[in-house]
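Residue numbers for the sequence shown follow the numbering used here, beginning at 960 and rising by one. Have a look at the structure below before the remarks.
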Amino acid sequence: MHKGAIICVDDERSVLLSLRDQLNRILADSNYSIELAESAEEALELLAELNGEAIDVPLIICDHLMPDIEGVDLLKHIHQIYPDTLKILLTGLADLDDVVRAVNEANLYRYIPKPWDQADLKLTVREALRSYERDCLLEEQNRNLQREISERRQAEILLRESEARLESILNSLEDVIWSATADSLELLYLNPAAARVYGRPTSEFLASTSLWQNDVVHPEDRGRRRNFFKALLAEGHKGVEYRILHPNGEVRWLSDRARVIHDDYGNVIRIDGIIYDITDRRRAEEKLAFDALHDDLTGLPNRNFFMQRVEQSLQLSQTDSDYEFAVLFIDLDRFKLVNDSLGHACGDQFLISIAKKLSNCLRASDTVARLGGDEFTILLDGIFSIADATRIGDRILTALEKPLQLGDRSLFSSASIGIAVSAPHYNQANEVLRDADIAMYRAKSGGKGRYAIFDQDMHAETLALLQTENDLRSALEQKLFTLYYQPIVNLKTGALAGFESLVRWQHPQRGLVMPNDFISIAEDTGLIVELGEWVLRESCHQLSYWQQQHETAKDLIISVNLAGHQLKETNLADLIDEILDETGLDGRNLKLELTESILVENIDAIIGTLTYLRGRNIQLSIDDFGTGYSSLSYLHRFPVSTLKIDRAFIDMMMGDTENFEIVRTIRTLAHSLGMQVVAEGIETDEQLSMLVSLGCELGQGFYFSQPVTAYEAASMLTRTMDWQHNHTETIVVDQKEIMRQRNLLKDFTAS
Ligand code: C2E
Ligand code: MG
Ligand code: MG
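In structure tokens:
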């Protein structure tokens, strides 16, 4: 029901009141309130107030004759502000001119003559309100219509915008969007990305259903894709990965995810899908899978792959008693030398060539793998007897004998091969590999460039070695080692020049164990580092103690043997500084004995340390000189002060001119490089005489003394031992020969 206020304006209060009474009665069944104003001013205020409160004023009934303003003028004024409000003028019949004016100027609705007839009032007011309400209604309907029209227009714009947006998204997508009929899979839509992904225009697909459905799919994957559509219709949504072929033959991997679309009643209307090109991901996955099982450098299978193959062979041999296999463990001899002298790039090429050679020696069913470094393994799958394995071993050794051509260099290679053949007691692949490894060590220690077949004796020896290793470990903890000291004598004066400290192991069961029986194990296991540190410290403490006790010990030199690990893997310089500090020993009283192989194999890694030690006045000596590398070209690169001629030459020097010449050459070489010579293993008078006559400075051997305990060594010091020798025999030396050797050496040192 319409709401609002009806305003009555009259200067006579009684008129107003009676008007209100009558109007209330007339409008009892409606929602209008009656407001009264006794002046124009009040009326305008009232209107403003109601307007402010958003209360509708459909009708104003105004007296014409009022003291301050005429009703017509007031209505005219109101009309300008509130044109929709209907205006009724109360007036006497004499004022009809004013009524006409009011009709024209204030759009007067009616006039009611005063005094009014109640029925007339009722009729007029009701009609006025009905007319007003009708106008309002019309207006509202009109407004609603306008709104609806504009809303619809807006929606259309939005729809068009969203379609355009969707289309631009579909056009710019990298992925293929497709839509097809559910029954015949006829394409309804394909976005432009399809052209790039499939390598052909989208129009070709829209023209031929079978092209997209089948022909572009890789023949091996067509069945999979057909099954995918079947399952898709059954399950509602599904994904599949398959390959397609580009017109140029290129293969790409796609991932297709599709969904069945239903209408509101659940009927299938079409299938929508999205296709991603996953070629890069697939290739990366394939590469990862390959890398996980292959060696980067050679592309051969790696340890994992190899162990899987051995495991398969092992299982087969357990179920099929006729099936036998063999594992070959191959370690290159002296690969380190290639790597260190020619550089890693060359070493890599070398390994790649070896990998090819090995592969060429095998059948397709065999597996050759690289375990790492210079270690390769081979699985011979299905052999008839051990002869099959040794034949391959021979073939590999022969193949390796042929020189490898690396750039302008010819390199010779050889390998040590261990062979283990399948046997019922093997439970795990790594047991077979372990035994092949043991056999390889046997081949290596047997002289390299050969193969060895694993047998149970080797196993027993390996166990014994393991036992020794464990014993060594606990011996280190319990300090079960002791040092012996062997005098080194000045051959010119016969005076004691120093001692070489030689370690012994006081084994609770085996008694005194000699270094040859445990040093190599200590080296292989790395225990040598800790043992060597103890030997160094103990030797220096001992000499420092003797120096405090015996005047004669002041200038003695203690010689300590060093293992390669100690130089490579520890900060030896720091350790020695620390030991010299704590013992107060002078660097010149310490001599370190290194073997040739340590020097040659680690030139770059240790040269810095050696130079530092030399700067601390510590002397460096090459032990067992002559037994290792016949190449002398490295000698001048090291700050070495002493060459210690190996016992073997001293031993064979007598009556063998060749060995005599070797000793003489070494002596000459040493002297020309400013080095001293020590002869080790002097046992006889003759040997001594000869060495004296050759001008060797120092000697050591059972002739003077066995290695002795610290206690015995101390008593030598109190007795101020000297080994005077009566050189009656002289060796006649051919002067021409000496000149020849000097020239040779000059050539060498100059180069
Ligand atoms: P090496 O450094 O060449 O030591 C000399 C070896 O020759 C010693 O054997 C010594 O007893 C022996 N010998 C000395 N004079 C004669 C002789 O006139 N005739 C004969 N037949 N032999 C003689 P040992 O003490 O058994 O040591 C063997 C090797 O063990 C040493 O050879 C050395 O390479 C190593 N070694 C000993 N102690 C240590 C150590 O503390 N650390 C390291 N890394 N190696 C050590
Ligand atoms: Mg030595
Ligand atoms: Mg030696």
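Heads up, the beta-carbon is just placed ideally off N, CA and C, and yes, glycines get one too. None of the values given here were measured: they were computed from a predicted structure.
Can you check whether the C-beta of residue i is within less than 8 angstroms of a C-beta belonging to chain D?
{"i": "R1329", "result": "Here chain D cannot be found, since the structure has a single protein chain."}
For residue i, which residues from the same chain have a beta carbon less than 7 angstroms from its beta carbon, with the 5 sequence-adjacent residues on both sides left out?
{"i": "L1450", "result": "L1650, V1651, C1655, E1656, L1657, G1658"}
{"i": "E1497", "result": "L1442"}
{"i": "A1434", "result": "F1440, W1464"}
{"i": "S1344", "result": "none"}
{"i": "G1543", "result": "S1503"}
{"i": "R1432", "result": "L1486"}
Check for me: the beta strand (DSSP E) holding residue i runs from which residue to which?
{"i": "I1397", "result": "It is not in any beta strand (DSSP E) - I1397 instead sits in the alpha helix (DSSP H) that spans 1388 to 1404."}
{"i": "Y1132", "result": "One point to set straight first is that residue 1132 is Leu, not Tyr, in the sequence displayed. Premise fails: L1132 is in no beta strand (DSSP E) and is neither H nor E."}
{"i": "L1461", "result": "1455 to 1466"}
{"i": "Y1443", "result": "1440 to 1449"}
{"i": "S1369", "result": "1368 to 1370"}
{"i": "N1520", "result": "1516 to 1520"}
{"i": "A1166", "result": "No beta strand (DSSP E) holds A1166; the alpha helix (DSSP H) holding it covers 1161 to 1166."}
{"i": "S1324", "result": "S1324 -> no beta strand (DSSP E), and no H or E assigned at all."}
{"i": "P1338", "result": "A quick correction: the sequence has Leu, not Pro, at residue 1338. Unbroken beta strand (DSSP E) run through L1338: 1334 to 1340."}
{"i": "K1513", "result": "That residue, K1513, is in no beta strand (DSSP E); it is neither H nor E in DSSP."}
For ligand 1, any of its heavy atoms closer than 7 angstroms to the Cβ of residue i?
{"i": "L1521", "result": "yes"}
{"i": "L1549", "result": "no"}
{"i": "M1473", "result": "yes"}
{"i": "F1661", "result": "yes"}
{"i": "I1447", "result": "no"}
{"i": "P1714", "result": "What is shown of the chain runs 960 to 1710, which leaves residue 1714 out entirely."}
{"i": "G1470", "result": "no"}
{"i": "R1606", "result": "yes"}
{"i": "V1651", "result": "no"}
{"i": "L1642", "result": "Reading the sequence as shown, one finds Glu at residue 1642 and not Leu. Because some heavy atom of ligand 1 lies under 7 angstroms away, the Cβ of E1642 counts as near it: yes."}
{"i": "G1302", "result": "no"}
{"i": "E1639", "result": "yes"}
{"i": "V1636", "result": "no"}
{"i": "G1585", "result": "no"}
{"i": "G1406", "result": "no"}
{"i": "G1491", "result": "yes"}
{"i": "I1478", "result": "yes"}
Comparing the CB of residue i with every heavy atom of ligand 2, is any distance shorter than 7 angstroms?
{"i": "E1482", "result": "no"}
{"i": "E1459", "result": "yes"}
{"i": "D1299", "result": "no"}
{"i": "E1552", "result": "yes"}
{"i": "D1582", "result": "yes"}
Ignore the nearest five residues each way along the sequence and tell me which others in residue i's own chain have a CB closer than 6 angstroms to its CB.
{"i": "A964", "result": "S992, E994, L1009, I1014, V1016"}
{"i": "A1314", "result": "T1257, L1259"}
{"i": "T1687", "result": "With a pLDDT of only 47 at T1687, under 50, the local geometry of the prediction cannot be trusted, and no value is derived from it."}
{"i": "F1309", "result": "V1297"}
{"i": "C967", "result": "L975, L978, L995, I1020"}
{"i": "S1381", "result": "S1276, E1283, F1284"}
{"i": "G1660", "result": "G1640, I1641, E1642"}
{"i": "F1294", "result": "D1333"}
{"i": "R1262", "result": "L1330"}
First and last residue of the alpha helix (DSSP H) that includes residue i?
{"i": "F1477", "result": "Premise fails: F1477 is in no alpha helix (DSSP H) and is neither H nor E."}
Give every residue of the same chain whose Cβ lies closer than 8 angstroms to the Cβ of residue i, excluding the five residues on either side of it in the sequence, and list them in chain order.
{"i": "T1083", "result": "I1047, R1069, I1071"}
{"i": "L1424", "result": "I1480"}
{"i": "R1202", "result": "V1176, H1177, E1179, D1180, V1210, R1211, W1212, L1213"}
{"i": "E1012", "result": "none"}
{"i": "F1371", "result": "E1360, P1362, L1363"}
For this session: Go through the stretch 1534 to 1577 residue by residue and report every complete run of the beta strand (DSSP E) that reaches 3 residues or more, in order.
Result: 1549 to 1554
Exercise. For the stretch 1507 to 1527 against the stretch 1540 to 1557, are there 3 or more C-beta pairs whose distance is under 8 angstroms?
Worked result: yes
Exercise. Which ranges does the alpha helix (DSSP H) cover as unbroken runs of at least 4 residues, wholly within the stretch 1228 to 1281, from first to last along the chain?
Worked result: 1238 to 1252, 1262 to 1278
Exercise. How about the stretch 1059 to 1077 and the stretch 1033 to 1047: do they share at least three Cβ pairs that are nearer than 8 angstroms?
Worked result: yes
For this session: Would you check if there are 3 or more beta carbon pairs closer than 8 angstroms linking the stretch 1596 to 1604 to the stretch 1635 to 1650?
Result: yes
Problem set entry | Stretch pair the stretch 1222 to 1231 + the stretch 1277 to 1288: three plus CB contacts closer than 8 angstroms | no
Exercise. How do the stretch 1460 to 1480 and the stretch 1428 to 1443 stand: do at least 3 beta-carbon pairs fall below 8 angstroms, yes or no?
Worked result: yes
For this session: For the stretch 1051 to 1127, list the beta strand (DSSP E) runs that are entirely contained and at least 3 residues long, ordered along the chain.
Result: 1069 to 1072
Exercise. Can you list, in chain order, the stretches of the beta strand (DSSP E) that have 3 or more residues and sit fully within the stretch 990 to 1018?
Worked result: 990 to 996
Problem set entry | Cβ contact (3+ pairs, closer than 8 angstroms) linking the stretch 1348 to 1363 and the stretch 1382 to 1400 | no
Exercise. How about the stretch 1570 to 1578 and the stretch 1530 to 1549: do they share at least three Cβ pairs that are nearer than 8 angstroms?
Worked result: yes
Problem set entry | Those runs of the alpha helix (DSSP H) which lie wholly inside the stretch 1599 to 1678 and span at least 4 residues | 1606 to 1612, 1616 to 1631, 1644 to 1653, 1669 to 1677
Exercise. If we count Cβ pairs, one from each stretch, closer than 8 angstroms, do we get three or more for the stretch 1150 to 1170 versus the stretch 1129 to 1138?
Worked result: yes
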